[in-house]
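S.K.:
2 protein chains.
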Amino acid sequence: MPANKAPSVAVVDWGTTRMRVWLVDEADKVLAERRGDDGLITAQAVGFSTILEGHLAAMGAPEALPVIICGMAGSRQGWLEAPYVTVPSPIDAILAGAISIPGQRRDIRIVPGLAQRQADAPDVMRGEETQLAGAGLPANGRHLVCMPGTHSKWVLAEDGTVAGFCTWPTGELFSVLAAHSILRHSLGEQPKPVTAGNPFFQDWCRRALAEGGDVTSRLFSIRAAGLLQDLQPDDAAACLSGLLIGGEIASANRRYGASAAPIVLIASGALATLYQAVLGLAGLAVRTVDADEAVRSGLIEAARENGMIAKSGVAA
Amino acid sequence: MPANKAPSVAVVDWGTTRMRVWLVDEADKVLAERRGDDGLITAQAVGFSTILEGHLAAMGAPEALPVIICGMAGSRQGWLEAPYVTVPSPIDAILAGAISIPGQRRDIRIVPGLAQRQADAPDVMRGEETQLAGAGLPANGRHLVCMPGTHSKWVLAEDGTVAGFCTWPTGELFSVLAAHSILRHSLGEQPKPVTAGNPFFQDWCRRALAEGGDVTSRLFSIRAAGLLQDLQPDDAAACLSGLLIGGEIASANRRYGASAAPIVLIASGALATLYQAVLGLAGLAVRTVDADEAVRSGLIEAARENGMIAKSGVAA
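Taken in order, these protein sequences are the chains called X and H.
The first sequence lines up with residues 1 to 316 when you count with this note's numbering.
The second sequence lines up with residues 1001 to 1316 when you count with this note's numbering.
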């Protein structure tokens, strides 16, 4: 951290298995960044305060620097439960509802997650609401937002309000099936990362897209293709990935219908590339927002909404 | 085995984890039965001949008694590979293609499995072809057959020919998700067996039926219902079961379309009851055939087709 710059807030994305901390100045510029494997699971054992203060000390953060947090640290199993905000809810109202952690020597708050309490479609999220808030969605109009991952979240935002959302456990299905189902014989122990250009990825994706999200009738075909068509392990992984991502997008598209505006994809790196490819195969327009930048922007916005930093944004 | 009755053939259903042996007389009557946990996996270690002869000796089978086998014993990892018969194929031609195990002191044959070599829907089965042959399907007409299990198989039979088939890994998805996904937190360690009368089973089944086999958008809802609606572990298991079985039936129905004749359900016990309930919820007529009886009848028919017992069936 340059000596002549002072941070105005620390923003923290604290998930189940990892955490990221950024120090941000009054002009919203990042002065320092740290990433650690000490997510919720580690923090439950070591202590949330100990881990956070350790990172802040290593970054040279001042003692009174306020901290805003999003993610699983606010769950019932986390540092302090930040009760879910029920949707529909305006995005800025979600951010403004951050709760304070009592008994700390600095101002530390946690952004609440979202709950959809619809009887036949209950759902929850923690962390993605902050990514969503930082994605630079237009204040007006109907926007469909895709946040892929272990538990992919799709959000329907209407005029700055979260109207509804749904979770597809695509990343988890891939790892659980690859490790524990009969498909482990097809995929092998260490399949290479799947690339969007793999023709098997694209073929199986198209099949899933054509079937409205029905993937269960295709899973065993991957095994059969190994027996009958000499499908190789890395290509089998590409089939499974294409099938599951294609299925997710077909299912989401069926649930939320077409959108006039491009789908907002909040993702980074290889995952962004795969989803861009599948959205393209589905004939859907897409605008990609980097996931790291989105969560950081959302956290800064949350700090602002909670009066932890000046509302004006960039200093005069 | 009564001393005054002599078996004419031993019929064996030899799967991955278990085997069943029946001694049958010339009137197709069962004289003796044994069940063991020495399926393919055990047999690969101990030896197929050793296990089979052990069971036959314990049942007092004569040395020259012929044996007909179906199931995974005929796979590449089995006793001897009985190459797949490619569909479409007449059912009796499948049975007639049993291969002989050389170098045995008795006549031992294995019924081949089926392969669907369609480029975009490869599939295989071993064992279910014999159940199908023993289900007493009418020789004419279009019949849809459901054989539920770890890997549920649906077969479209037309005028005594297997026209096509498809696998839904419903049982495997249930166990893998219950044990290894985030749903393990919802279902608990030892969920009670699901019953067809459970209202959660029925509700989630209806949801899956209404969505054409798209189940991935609903999986995480089971977790969310635990957090938001106080869903209890045994009911969460019922939700997952209803969702997966409902999804299978919706998907199969979409794939094969409605059938004039009732769906033939080849199943036993609790699984038969669950599938009958879901087929009922889907508004589909069903005729249930006991799975044990079906495989035994199919094996006897295979022995007859291969000239191991008299073609005439019941002795004069």
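Where is the CB? At the ideal position from N, CA and C, for every residue including glycine.
Quick one: list the residues of chain H neighbouring I99 of chain X, beta-carbon separation under 8 Å, in chain order.
M.R.: Result: empty, since nearest Cβ-Cβ is about 18 Å, beyond 8 Å.
S.K.: Which whole-angstrom value is the C-beta distance of L1080 of chain H and I1099 of chain H, which I expect to be below 8 Å?
M.R.: Sure, about 7 Å apart at Cβ, within 8 Å.
S.K.: Hey, does V1215 of chain H have any beta-carbon neighbour from chain X nearer than 9 Å?
M.R.: Yes, contact with chain X.
S.K.: DSSP state of P1090 of chain H, grouped into three classes?
M.R.: DSSP places P1090 of chain H in strand when its eight states are reduced to three.
S.K.: From the beta carbon of W1168 of chain H, is the nearest beta carbon of chain X less than 9 Å away?
M.R.: Yes, W1168 of chain H counts as interfacial toward chain X.
S.K.: Check D203 of chain X in the structure and name its three-state DSSP category.
M.R.: Correct three-state label for D203 of chain X: helix.
S.K.: What does D1120 of chain H reach in chain X if we use C-beta pairs closer than 9 Å?
M.R.: The answer, in chain order, is D203, R207, S221.
S.K.: For G1212 of chain H and P1233 of chain H, what's the separation of their Cα atoms in angstroms?
M.R.: Roughly 26 Å separates the two Cα atoms.
S.K.: Whole angstroms are fine: how far does the CA of A224 of chain X sit from the CA of R1117 of chain H?
M.R.: Those two C-alpha atoms are separated by around 9 Å.
S.K.: For V1278 of chain H and R1020 of chain H, I'd like the C-alpha separation in whole angstroms.
M.R.: Approximately 29 Å, taken between the alpha carbons.
S.K.: For V1176 of chain H, count neighbouring C-beta atoms within 10 Å of its own C-beta (all shown protein chains included) and say buried if the count is 16 or more, exposed if not.
M.R.: V1176 of chain H should be labelled buried.
S.K.: Can we say the stretch 1182-1193 of chain H touches the stretch 1256-1264 of chain H, given the rule of at least three CB pairs closer than 8 Å?
M.R.: No, the stretch 1182-1193 of chain H is not in contact with the stretch 1256-1264 of chain H.
S.K.: Between the alpha carbons of Y1318 of chain H and V1111 of chain H, how many angstroms are there, rounded?
M.R.: An answer regarding residue 1318 of chain H cannot be provided, because it is not within the stretch 1001 to 1316 covered by chain H.
S.K.: Rounded to the nearest angstrom, what separates L1056 of chain H and A1291 of chain H at their Cα positions?
M.R.: If I take the Cα positions, the gap works out to 23 Å.
S.K.: Of all the residues that make up the stretch 1103-1134 of chain H, which are near chain X by a beta-carbon distance shorter than 9 Å?
M.R.: Residues A1115, Q1116, R1117, A1119, D1120, A1121, P1122, D1123, V1124.
S.K.: Between which two residues does the beta strand (DSSP E) harbouring E128 of chain X extend?
M.R.: Element bounds for E128 of chain X: not the beta strand (DSSP E) but the alpha helix (DSSP H), 128-133.
S.K.: Chain H beta carbons: is any one of them nearer than 9 Å to that of Y275 of chain X?
M.R.: False, the Cβ-Cβ gap to chain H never drops below 9 Å.
S.K.: Could you tell me the alpha carbon to alpha carbon distance between W14 of chain X and Q104 of chain X, rounded to whole angstroms?
M.R.: Straight-line Cα distance between these residues: approximately 18 Å.
S.K.: Taking the alpha carbon of G1141 of chain H as the point to measure from, which residue in H:A1157, H:P1148, H:G1149 has its own alpha carbon closest?
M.R.: It is H:A1157 whose Cα lies nearest to the Cα of G1141 of chain H.
S.K.: Let me confirm a value: A310 of chain X is counted as buried when at least 16 other C-beta atoms fall within 10 Å, else exposed. Which label applies?
M.R.: Exposed, by the Cβ-count rule.
S.K.: Look at the alpha carbon of V314 of chain X and the alpha carbon of A27 of chain X, and state the distance between them as a whole number of angstroms.
M.R.: With a pLDDT of 47 at V314 of chain X, under the threshold of 50, the modelled position of that residue is not reliable, and the figure given next carries that caveat. Approximately 4 Å between the Cα atoms of the pair.
S.K.: If you compare alpha carbons, which of H:G1097, H:I1051, H:L1023 is closest to A1061 of chain H?
M.R.: Ranking H:G1097, H:I1051, H:L1023 by Cα distance to A1061 of chain H puts H:L1023 first.
S.K.: Determine whether the Cβ of V176 of chain X lies closer than 9 Å to any Cβ atom of chain H.
M.R.: True, the Cβ-Cβ gap to chain H drops below 9 Å.
S.K.: Assign E1033 of chain H to buried or exposed, taking buried as 16 or more other Cβ atoms, counted over all protein chains shown, within 10 Å of its Cβ.
M.R.: E1033 of chain H should be labelled exposed.
S.K.: Taking 7 Å as the limit between beta carbons, can you name the residues of its chain near Y275 of chain X, skipping five residues before and five after?
M.R.: Closer than 7 Å at the Cβ level, and outside the excluded window around Y275 of chain X, lie C146, P148, I245, L265, A267.
S.K.: Below 9 Å on C-beta distance, what does I1182 of chain H contact in chain X?
M.R.: Residues of chain X passing the Cβ test: T150, H151, P169, E172.
S.K.: V11 of chain X and L219 of chain X: beta carbons closer than 9 Å?
M.R.: Not in contact: V11 of chain X and L219 of chain X (Cβ atoms no closer than 9 Å).
S.K.: Could you work out which residue in H:N1253, H:L1271, H:L1228 is closest to G1283 of chain H when comparing CA atoms only?
M.R.: Ranking H:N1253, H:L1271, H:L1228 by Cα distance to G1283 of chain H puts H:N1253 first.
S.K.: Please report how far the alpha carbon of D1120 of chain H lies from the alpha carbon of A294 of chain X, in whole angstroms.
M.R.: Those two C-alpha atoms are separated by around 39 Å.
S.K.: What is the DSSP secondary structure of V215 of chain X, reduced to helix, strand or coil?
M.R.: Here V215 of chain X sits in coil by DSSP.
S.K.: Starting from H1143 of chain H, trace the alpha helix (DSSP H) both ways and give me its first and last residue.
M.R.: It is not in any alpha helix (DSSP H) - H1143 of chain H instead sits in the beta strand (DSSP E) that spans 1142-1147.
S.K.: Would you say E1248 of chain H reaches chain X, if we count a Cβ-Cβ gap shorter than 9 Å as a contact?
M.R.: Cβ-Cβ to chain X under 9 Å: yes for E1248 of chain H.
S.K.: Give me the chain X residues within the contact set of G1212 of chain H, using Cβ-Cβ distance strictly less than 7 Å, ordered along the chain.
M.R.: Chain X residues near G1212 of chain H: G212, D214.
S.K.: Between L281 of chain X and chain H, is the shortest Cβ-Cβ distance under 9 Å, so that the two count as touching?
M.R.: So, not an interface residue.
S.K.: Taking a cut of 9 Å between CB atoms, which residues from the stretch 234-265 of chain X lie near chain H?
M.R.: Result list: L244, G247, E248, A250, S251, A252, R254, R255.
S.K.: Can you tell me whether DSSP reads G171 of chain X as helix, strand or coil?
M.R.: G171 of chain X falls in the helix class under three-state DSSP.
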